[in-house]
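Counting from 6, one number per residue, gives the positions in the sequence shown under our numbering. These notes are about the structure you will find just below.
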Amino acid sequence: MNMHIIATTPQSVADIDQDFAQFLKDSGFPFAARKKKSLECLLRENNAQGVVVWLSEGPVLYCGPEKFFFHPSMAKNRLASFRKFSVPDPMVKACALQDNDSFLDCTLGLGADAIVASYFCPSGEVRGLESSPAIAGIVKWGMKLYNSQIRWLNEAIKRIEVINCDHGQYLREQKDNSYDIVYFDPMFRKPLMKSQAIGPLRLLANPLPLEKKVIEEACRVARKRVVVKEMPSGSEFSRLGIEKVIGSRHNKIAFGIIDIC
Ligand SMILES: C[S@@+](CC[C@H](N)C(=O)[O-])C[C@H]1O[C@@H](n2cnc3c(N)ncnc32)[C@H](O)[C@@H]1O
Numbered sequence: 006m007n008m009h010i011i012a013t014t015p016q017s018v019a020d021i022d023q024d025f026a027q028f029l030k031d032s033g034f035p036f037a038a039r040k041k042k043s044l045e046c047l048l049r050e051n052n053a054q055g056v057v058v059w060l061s062e063g064p065v066l067y068c069g070p071e072k073f074f075f076h077p078s079m080a081k082n083r084l085a086s087f088r089k090f091s092v093p094d095p096m097v098k099a100c101a102l103q104d105n106d107s108f109l110d111c112t113l114g115l116g117a118d119a120i121v122a123s124y125f126c127p128s129g130e131v132r133g134l135e136s137s138p139a140i141a142g143i144v145k146w147g148m149k150l151y152n153s154q155i156r157w158l159n160e161a162i163k164r165i166e167v168i169n170c171d172h173g174q175y176l177r178e179q180k181d182n183s184y185d186i187v188y189f190d191p192m193f194r195k196p197l198m199k200s201q202a203i204g205p206l207r208l209l210a211n212p213l214p215l216e217k218k219v220i221e222e223a224c225r226v227a228r229k230r231v232v233v234k235e236m237p238s239g240s241e242f243s244r245l246g247i248e249k250v251i252g253s254r255h256n257k258i259a260f261g262i263i264d265i266c
């Protein structure tokens with residue numbers, strides 16, 4: 006969705022710090038001086054649909070009734086289940102992640118899958134690509150400024166590098182075999198109505214379906230596997246030519262796997 010987004014400070018702050026200046030540069034969002042005005046007033050004056058408020062703990066985007074900011078709750082729950090009860094994570098299993106793997110997440114979103122991958126690849130590298138400038142900026146800086154008391158979570162988050170770009174273009178520019186795993190979790194063709202955590206993201210996200218030629222590029226760039234998350238009931242796997250699928254029709258999600266070697 007193409008919306009005009011501005012950025013501002015909280016009412017009590019007038020200055021732009023170094024991080025905020027870099028965020029403005031990265032995102033291209035115009036700065037609107039707060040001057041103690043309400044957010045509604047700033048939106049009206051700037052004819053904008055969304056406003057990012059730069060807080061010390063990370064940027065928050067307000068648009069209509071929705072509020073979008075980085076939070077690692079979904080990743081935290083998945084990792085806590087693994088740490089406490091040894092519950093295997095389906096994505097980790099589908100990717101067969103090893104601790105020194107390089108993992109390219111081509112659809113970063115809120116970064117939950119990237120955080121889980123980063124936890125399981127402590128000696129490798131994790132890069133997340135996101136085509137929506139708003140999502141990329143908020144998640145990148147939310148991750149940078151996030152500070153949890155939980156060391157293992159902090160470490161997993163800080164290892165992730167976020168890049169605002171289209172995955173097709175990025176993949177075309179990479180050498181053959183440059184990442185162990187190339188991963189996709191595109192927006193589902195039919196949204197899962199109950200998935201509230203992803204609600205605000207849906208407003209900002211790139212809704213286009215995955216292209217077959219992007220999967221072909223991913224197969225060139227991956228050393229071990231290309232993995233695609235999808236709904237088991239749709240026809241996306243067959244459209245993309247992916248034959249190996251794990252997760253039955255009774256599951257909400259399934260993983261399509263292309264083994265490279
Ligand atoms: C379902 S969300 C991913 C959720 C993510 N796996 C997580 O754990 O939070 C899909 C994301 O991919 C992004 N996206 C879609 N097409 C893209 C493209 N061509 N290049 C980069 N990002 C893309 C969308 O903007 C959206 O944020």
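Beta carbons are placed, not taken as given, at the ideal position from N, Cα and C, and that holds for glycine. If you're wondering where the values come from, they're calculated on a predicted model, not measured in any experiment.
Going by the CB atoms, is the gap between residue j and residue i shorter than 9 angstroms?
i	j	result
A80	V121	yes
P191	G33	no
P188	L158	Position check: residue 188 holds Tyr in this sequence, whereas Pro was assumed. Not in contact: Y188 and L158 (Cβ atoms no closer than 9 angstroms).
D185	G133	no
D181	V226	yes
A210	K234	no
A37	E50	yes
G252	P93	no
V56	I21	no
L47	Q54	no
W59	F28	yes
D110	C126	no
E135	V167	yes
A99	I262	yes
L208	F108	no
A119	L176	no
Just checking: is the beta-carbon of residue i within a distance shorter than 9 angstroms of some beta-carbon in chain D?
i	result
S243	Absent here is chain D; the protein component of the structure consists of one chain.
Taking buried to mean at least 16 other C-beta atoms within 10 Å of its own C-beta, is residue i buried or exposed?
i	result
C68	buried
G116	buried
M236	buried
A202	In this prediction, A202 has a pLDDT of 49, which is less than 50 and means its spatial position is unreliable; nothing more can be read from the coordinates.
L206	buried
K229	buried
F25	buried
I239	A small correction: the amino acid at residue 239 is Gly; Ile does not occupy that position in the sequence shown. Label assigned to G239: exposed.
C266	exposed
M148	buried
P35	exposed
I165	buried
P15	exposed
I162	buried
N169	buried
P77	buried
Hey, would you say the C-beta of residue i is under 8 angstroms away from at least one heavy atom of ligand 1?
i	result
F193	yes
W7	The identity of residue 7 in the sequence shown is Asn, whereas the question assumes Trp. Every heavy atom of ligand 1 is 8 angstroms or more from the Cβ of N7, so no.
N82	no
I258	no
I140	yes
E135	yes
D31	no
M79	yes
C126	no
G116	yes
H76	no
G129	no
C100	no
C68	no
K217	no
L44	no
On the three-pair Cβ rule with 8 angstroms, is the stretch 242-255 touching the stretch 213-224? Look at the beta carbons and you see the stretch 242-255 touching the stretch 213-224: at least three pairs across the two are nearer than 8 angstroms.
Does the stretch 56-75 come into contact with the stretch 142-149, if we say contact requires no fewer than three beta-carbon pairs (one atom in each stretch) closer than 8 angstroms? Yes, since at least three Cβ pairs between the stretch 56-75 and the stretch 142-149 fall closer than 8 angstroms, the two stretches touch.
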